[in-house]
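Chemist: Pasting in a structure now, in structure tokens, and then I'll have a few things to ask.
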Amino acid sequence: MCWSATADLWAGLGIGAVGVASLASVRRPGDAPLAALPLLLGAHQVVEAVVWHGGGGTGPATLAWAVIALPLLPLWVPVGVLTAARPDDRPRLLAPLVAGIATAGFLAYRLATRPVTAEIRGHTLGYAVDLPHAPLLLAGYLLATVGALLLARDRLLRLLGLVTGTGAVVCALLWSTEFISTWCALAAVASLLILVWIRRRP
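Read the sequence shown against this note's numbering and you will find it ends at 238, with the numbers running on by one and no gaps.
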């Protein structure tokens with residue numbers, strides 16, 4: 037797949053439409069955060085299309101993309117899994133939530149105090165922000181996002197966790213310096229499973 041402004045725009049609109057359909061299918065208030073995940077990730081791809089059109093660099097679109105990708109997702113996913121879970125399943129989901137809160141807090145601080153830049157690299161975008169302790173942050177990020185899904189009782193959510201976890205490994209191997217952009221695109225496509233999940237909810 038080659039990423040571009042057009043690809044990101046159409047992918048974002050399509051995934052966002054699935055998010056709207058997922059939200060319209062919600063029958064339990066606790067399911068709403070996860071049901072909205074495709075809508076958030078679709079909007080994320082549309083924002084990246086704006087970054088493409090701007091030629092990368094700094095600016096509001098680049099910052100908006102980074103805010104969604106870095107502090108928002110590791111908080112949104114574990115909260116969504118937790119609120120959708122049965123009460124007796126929630127204790128084991130606290131570890132991803134704590135990891136998400138800590139990771140999101142630190143990433144939000146860095147984005148507030150350091151510039152973030154985007155650079156077009158062929159058919160991918162690379163984002164750069166000054167992040168110390170990167171391996172530790174990555175571990176906390178993946179525990180919050182992928183880990184929360186893998187710990188869910190629902191098989192479709194665990195499948196989403198498996199797909200995104202495998203995708204993280206593949207993206208890291210193929211696009212080490214563009215990892216976050218390529219992985220977010222893959223996660224957005226994988227989030228289409230949310231529509232199936234929400235429509236099968238009792």
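Note that the Cβ used here is the ideal one computed from N, Cα and C, for glycine as well.
Taking contact to mean at least 3 C-beta pairs separated by less than 8 angstroms, is the segment 111–120 in contact with the segment 90–101?
Modeler: no
Chemist: One question on the structure: do VAL240 and GLY78 come within less than 9 angstroms of each other, judged by their Cβ atoms?
Modeler: Not covered by the structure: residue 240. The range shown for the chain is 37 to 238.
Chemist: Between which two residues does the alpha helix (DSSP H) harbouring ARG157 extend?
Modeler: Looking at the DSSP string, ARG157 is not in any alpha helix (DSSP H); the run it does join, the beta strand (DSSP E), is 152–157.
Chemist: Would you call the segment 77–91 and the segment 40–53 in contact, with 3 or more CB pairs under 8 angstroms?
Modeler: Output reads yes: the segment 40–53 touches the segment 77–91.
Chemist: Can you tell me which of the three DSSP states VAL62 falls into?
Modeler: coil
Chemist: So, with DSSP's three-state summary, where would you put ALA164?
Modeler: It is a strand residue.
Chemist: Is DSSP giving GLY91 helix, strand or coil here?
Modeler: coil
Chemist: Taking the alpha helix (DSSP H) that ALA138 falls in, what are its first and last residues?
Modeler: 130–149
Chemist: Do you know offhand how far CYS38's Cα is from LEU109's?
Modeler: Residue confidence is low: CYS38 scores 47 on pLDDT, short of 50, so the model does not pin down where it sits. Its coordinate-derived value is still stated next. CYS38 and LEU109: Cα-Cα distance of roughly 24 angstroms.
Chemist: Alpha carbon to alpha carbon, what distance is there between SER61 and ALA148?
Modeler: 36 angstroms
Chemist: So, helix, strand or coil for TRP211, using DSSP?
Modeler: coil
Chemist: Are the beta-carbon atoms of GLY183 and ALA131 separated by less than 9 angstroms?
Modeler: Yes, the Cβ-Cβ distance between GLY183 and ALA131 is below 9 angstroms.
Chemist: What do you get for ASP44, buried or exposed, if any count of 16 or more other CB atoms within 10 angstroms of its CB means buried?
Modeler: buried
Chemist: In chain order, what residues of the same chain lie with their CB nearer than 8 angstroms to the CB of VAL152, ignoring the 5 residues before and after it?
Modeler: Correct list, in chain order: THR94, THR98, LEU99, ALA102, TYR163, ALA164 and VAL165.
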